[in-house]
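Below is one structure; the comments refer to it alone.
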Amino acid sequence: MKNVGIAILLFAGLCCAQESGAFQPASTNVWGAEYPRVDSSGRVQIRVKAPDATKVRLNFWSGPKLDMEKQTDGFWTITTPPLVPGLHYYTFIIDSAEVSDTNSQAFFGGGKYTSMVEVPESGSTYYSIQNVPQGQVREIWYDSKVTGTWRHALVYLPPNYDTQIKVRYPVLYLQHGAGEDETGWIRQGHANFILDNLIAGGNCKPMIIVMAYGYARRAGQVPPDLTGKPFGSPEMMRSMQDMAAAFEDDVTQVLIPYVDSTFRTLSDRDHRAMAGLSMGGMQTFQITLNHLDLFSYIGGFSGAGGMLVLGDRKLDPKTDYNGVFADPAAFAKKVH
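In our numbering, the protein residues as written are 709 to 1044.
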């Protein structure tokens, strides 16, 4: 009987160890941080130390605020229900103050730096770093005559770019969504790892990717005061159209020539693409459809049909964008 009791205790201890071991520190944590933790079902454990607080809530941007439970050591903790795989921005609301989690790296989303936890997709490795040849992500600053400022972009260079010095590469201009910035496709989207893995598997041609800061105003242009103006107001629409036009000119007149003169690109339209998410998709349509002399590949993801369709205006396929949609067959021959 004594041996049976010992066996039961050992088995119980093993089960507890397995249960606690199921939670692993999130990939988005700062170095050495044990929390947030994620398990294989997508549950997330998060904690914050606030011994003098009377109420702490976890504020996921994509869902309701969740009450956290105070522990005797001054930490407030919570284990969430399973979350969908992907990126989840969050903050803490400690009494009435909204604060970030110092255990999380800072990511730019929603127009500010904030905390984020990534719930991995089970069985998917296409966006994870693998033991394959790695490309490089470099920062560039370029002097824009359009905005009158130095502008920032990230550039992905494929594996062997620095060793195969006679090889030239096609270029993809990849734009972020509203509230994000040029770091999003790398830091949140893992675009560099995705390209490394696709190239290594023979599923993608080696290419250069340029990720530019998607907000622009012309030199000397003063942003309007939109205080109290609802979304969709004429003042807001004019401001957005001004910014879109400035960004279009910056990309076509400054950024593309800079990239072509700095990196070993294939600089004709047949080797130049543009794609983007949400606002970046809208910018993609706005820029490429007005400049089919520069682009032959177009990818818009959840993006509206450019600034022309904002507000009450309807898109006229026969005249807008220089009439590129007037002849669908001819358009299809020009783009991919």
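Where a beta carbon is used, it is the ideal one built from N, C-alpha and C, also for glycine.
Given the structure is predicted, the values throughout are model-derived calculations rather than measurements.
Provide the residue span of the beta strand (DSSP E) that contains residue i, from first to last.
i, result
"Leu862", "Thr857 to Leu865"
"Ser852", "Gln844 to Ser852"
"Val827", "Lys820 to Val827"
"Ala908", "Looking at the DSSP string, Ala908 is not in any beta strand (DSSP E); the run it does join, the alpha helix (DSSP H), is Ala899 to Ala908."
"Val967", "Not the beta strand (DSSP E): Val967 falls in the alpha helix (DSSP H), residues Ile964 to Thr970."
"Tyr881", "Val879 to Gln883"
Kindly list the residues whose CB is nearer than 7 Å to the CB of residue i, restricted to its own chain and excluding five residues on each side of it in sequence; keep chain order.
i, result
"Gly729", "Interpretation of Gly729 is limited by its pLDDT of 46, a score under 50 that renders its predicted location unreliable; the figure taken from the coordinates is listed afterwards. Closer than 7 Å at the Cβ level, and outside the excluded window around Gly729, lies no residue."
"Gly819", "Gly887"
"Pro932", "Glu943 and Ser947"
"Val807", "Thr799 and Phe800"
Check the Cβ-Cβ distances between residue i and every residue of chain C, and say whether any is below 8 Å.
i, result
"Arg765", "The chain labelled as chain C is not found in the depicted structure, where only one protein chain is given."
Under 8 Å Cβ to Cβ from residue i, same chain only, skipping five residues before and after it: list those, please.
i, result
"Pro789", "Arg751"
"Gly928", "Gly856"
"Leu934", "Ser941, Glu943, Met944 and Ser947"
"Asp1001", "Arg977"
Identify, in the order they occur along the chain, each residue of the same chain with its Cβ nearer than 6 Å to the Cβ of residue i, setting aside the five sequence neighbours on each side.
i, result
"Gly782", "Lys757 and Pro759"
"Pro1025", "Phe1033"
"Gln753", "Phe731, Arg745 and Thr787"
"Thr996", "Met982, Phe1003 and Ile1006"
"Asp1035", "none"
Is the Cβ-Cβ distance between residue i and residue j less than 8 Å?
i, j, result
"Gly1011", "Gly988", "yes"
"Gly984", "Gln896", "no"
"Ile801", "Lys773", "yes"
"Gly843", "Asn900", "yes"
"Ile894", "Val845", "yes"
"Tyr877", "Ile916", "yes"
"Ser812", "Asp958", "no"
With distances taken from CA atoms, which of the options is nearest residue i?
i, options, result
"Ala953", "Leu985, Asn998 and His979", "Asn998"
"Ser947", "Thr891, Gly936, Arg925 and Val967", "Arg925"
"Gly794", "Cys912, Leu974, Met824 and Thr871", "Met824"
"Met951", "Tyr921, Lys937, Phe816 and Asp851", "Tyr921"
"Tyr1029", "Thr992, Lys1041, His1044 and Phe955", "Thr992"
"Pro828", "Gly910, Lys1041 and Thr736", "Thr736"
"Leu791", "Ser804, Leu865, Ser830 and Asn811", "Ser830"
Got a sec, what are the start and stop residues for the alpha helix (DSSP H) residue i sits in?
i, result
"Lys1041", "Pro1036 to Lys1042"
"Arg895", "Gly892 to Arg895"
"Leu997", "Met987 to Asn998"
"Gln949", "Pro942 to Asp957"
"Asn911", "No alpha helix (DSSP H) contains Asn911, which DSSP labels as neither H nor E."
"Gly1007", "First-last for Gly1007: Tyr1005 to Phe1009, but that is the beta strand (DSSP E), not the alpha helix (DSSP H)."
"Tyr1029", "Asp1028 to Gly1031"
Assuming residue i and residue j form a contact by the criterion Cβ under 8 Å, report the distance between their Cβ atoms to the nearest whole angstrom.
i, j, result
"Trp769", "Tyr743", "Going by Cβ atoms, the distance from Trp769 to Tyr743 rounds to 19 Å, so no, they are not a contact pair."
"Val840", "Ala908", "4 Å"
"Phe1039", "Val863", "Incorrect: roughly 30 Å between the Cβ atoms, too far for contact."
"Phe816", "Thr762", "So it is not a contact: roughly 31 Å between Cβ atoms."
"Pro914", "Pro866", "4 Å"
"Val879", "Arg765", "So it is not a contact: roughly 45 Å between Cβ atoms."
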